[in-house]
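Using mature numbering (1 follows the signal peptide of the UniProt record, and there is no 0), the letters of the sequence shown map in sequence onto residues -20 to -1, 1 to 437. All C-beta atoms, glycine included, are put in the ideal place defined by N, C-alpha and C. All values reported here derive from a predicted model rather than from experimental measurement. Take a look at the structure below.
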Amino acid sequence: MSVFSRVLAVLAAGPGLVSAEPVPDAGFGSNGIVDIALPGASYLNPAHVAVLPDRRIAVARTDTGRDSASGALTASFARLLPDGRPDATFGNGGTVTFVLRPAPADYAVAGDIHMRADGSQFVLMSTTTGAGDPSPQSEALLLAVTADGRLDPAFNAGQPLPLAPFTSEKLFVDDNAVVVVGIDRETCCGHVTRLIARRLHLDGTPDIAFGADGVLDVESTPAQIRDAMPVPGGGLQILFLEYTSAGERSFWRRYRANGSLDTAFGINGEAAIPTHDGFGLRRVYALGDGTWLGTEGSNCGRRILDAQGNILVTFASTCTPGLASTSQKFRPHAWGERILMQGEQRTYFISLPSDGSYAWAVDLDGRVDAAFAQPQDDTRWRIPGPHSASHDVAADGPQRFVVASAEFAENTVRVQRFVAPRGTTQAQPVPALGLPGLLLVVAGTAAFAGRRLRRRD
């Protein structure tokens, strides 16, 4: 396209933003796409993706076995080189599948995955026993996978470690221990009843110096237990939220590495979190760079916290309509000078055209990067593919990101890498010239071209 054609196209676009939505990375796979054969043809079994510091890409997926020929509960993993080729140093030519239980499960999903810099990983799965059991029982399974794709023989003798189940679970890993935090919520109303943290040595045995034989059991006060995060030195702090006549109030309660209440923290181990616009914190998410995103309401990211839970930034902007509702499978990622977020919008009982998976970016003051979005939606970018597929996103440097997609009844995971625009949070609109203005530009362009031709003659 000539320069003049580009100018005309921009001017004819009318008022609004110049679109610069993410494009496939031609340096990855086939035009930005790699398909991997990984079993998982069961509902609620999305793929998970992570990018290592050396830009290799790790993918994980679980399969209940209910719809597979083997009939076994499995977990599968793959690793790709930065250009999309299989990493031959991992598993069997880049992929590996582990049979976790010979019988199928009613439900199995990787609730949390901790990826280490060398490519080894801890995977926390939530499962139920098979459909043939008289009363299905839930349990959590903790796996340790080596950097070359084996179940780590140094962890629980190379076997998955069964743990008691919870409504939701989080996994914290440092150089000395693995901490599994389980939060039980009531079936209605979201009120939390208790939190149990288990601290394990890296070989899977309980750290009996923590709490009572390796377990810290905390019950709700009138305030709800909402979330938890680790603190430097091996400690743990729990996020509480309560409702008062003055509005919401949230606070931290901190425990030392041995599971005792840290009475030197705040007032008798508790410290209030400043309220913003009448809202307290409800969830915290690790951003991957040592900071955390604190959310209000329905995953409305409003604050950035340091490793101690102190507020570094409170976003000046409010949540953009449509983003807070995209709360299912919400996950944020540090992305250079921006935060990359992902979420799924699902409408129960009916399927709306707007249902699907989305990504969006905000600057470090919470303002949406409009240049990242599609022209028809100035707040978020719809991830390509069937709207029924589940997607996971991972940042790859300050400009690229990777998407892993898995669809129900498909034993294939599609991995895509995109290059995103280095947009601004508030791109300036280009004014529309209208028909008279366009005709004037066309006339000027034609005159200029005619002058060039006469000079050649």
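Buried or exposed: residue i, going by 16 or more other Cβ atoms within 10 Å of its Cβ?
i           : result
I188        : exposed
S106        : buried
R65         : exposed
L332        : exposed
V3          : exposed
G239        : buried
A68         : exposed
G289        : buried
V160        : buried
V373        : buried
residue 439 : Shown here, the chain extends from -20 to 437; a query on residue 439 therefore has no answer.
V125        : buried
P26         : buried
V158        : buried
residue 438 : Given that the chain is displayed from residue -20 to residue 437, the structure contains no residue 438 and the question cannot be resolved.
T224        : exposed
G51         : exposed
S230        : buried
D197        : exposed
Q408        : Unreliable placement is indicated for Q408, whose pLDDT of 33 sits below 50; the coordinate value is still reported in the next sentence. With fewer than 16 other Cβ atoms within 10 Å, it is exposed.
D132        : buried
S385        : buried
P312        : buried
D183        : exposed
G227        : exposed
D92         : buried
T173        : exposed
From what residue to what residue does the beta strand (DSSP E) around residue i run?
i    : result
V39  : 37 to 43
I93  : 88 to 95
L216 : 215 to 224
R326 : No beta strand (DSSP E) holds R326; DSSP gives it neither H nor E.
A124 : 118 to 125
T275 : 272 to 276
G12  : That residue, G12, is in no beta strand (DSSP E); it is neither H nor E in DSSP.
T107 : 101 to 108
F398 : 392 to 399
P142 : 141 to 143
I253 : 250 to 253
A85  : Unbroken run through A85: none, as it is neither H nor E.
R65  : Per DSSP, R65 belongs to no beta strand (DSSP E) and is neither H nor E.
A30  : 28 to 31
Is residue i close to chain C? Criterion is C-beta to C-beta, closer than 8 Å.
i    : result
C280 : Checking the listed chains, one finds no chain C in this structure; it contains a single protein chain.
Helix, strand or coil: how does DSSP classify residue i here?
i           : result
F381        : strand
N72         : strand
residue 438 : The structure shown does not extend to residue 438, since the chain is modelled only from -20 through 437, so no value can be given for it.
F135        : coil
F352        : helix
A296        : coil
H371        : strand
L344        : coil
L241        : strand
H164        : According to the sequence shown, residue 164 is Asp rather than His. Of the three classes helix, strand and coil, the one that applies to D164 here is strand, per DSSP.
I363        : coil
F259        : strand
T201        : coil
R233        : strand
L151        : strand
F146        : coil
S331        : coil
I176        : strand
G336        : strand
F190        : coil
One question on the structure: do residue i and residue j come within less than 8 Å of each other, judged by their Cβ atoms?
i           : j    : result
G7          : D43  : no
A144        : E119 : yes
A314        : A375 : yes
A55         : F78  : yes
L121        : L80  : yes
L18         : R36  : no
I284        : T275 : no
A90         : G45  : no
Y235        : G215 : yes
I363        : A341 : no
V395        : V382 : yes
residue 438 : D5   : Examination of residue 438 is not possible in this model, given that the chain is present from -20 through 437 alone.
I176        : V153 : no
G74         : L60  : yes
> Looking at C-beta atoms only, is the number of pairs between the stretch 387 to 397 and the stretch 334 to 353 that lie closer than 8 Å three or more?
Replying inline: no
> Okay, do the stretch 29 to 41 and the stretch 93 to 102 touch, 3+ Cβ pairs below 8 Å being the bar?
Replying inline: yes
>> Measuring CB atoms only, is the stretch 344 to 351 touching the stretch 366 to 375, in the sense that at least three cross pairs come out at less than 8 Å?
In response: no
> Any chance the stretch 221 to 241 sits against the stretch 175 to 191, with 3 or more Cβ pairs inside 8 Å?
Replying inline: yes
> How about the stretch 202 to 217 and the stretch 126 to 144: do they share at least three Cβ pairs that are nearer than 8 Å?
Replying inline: no
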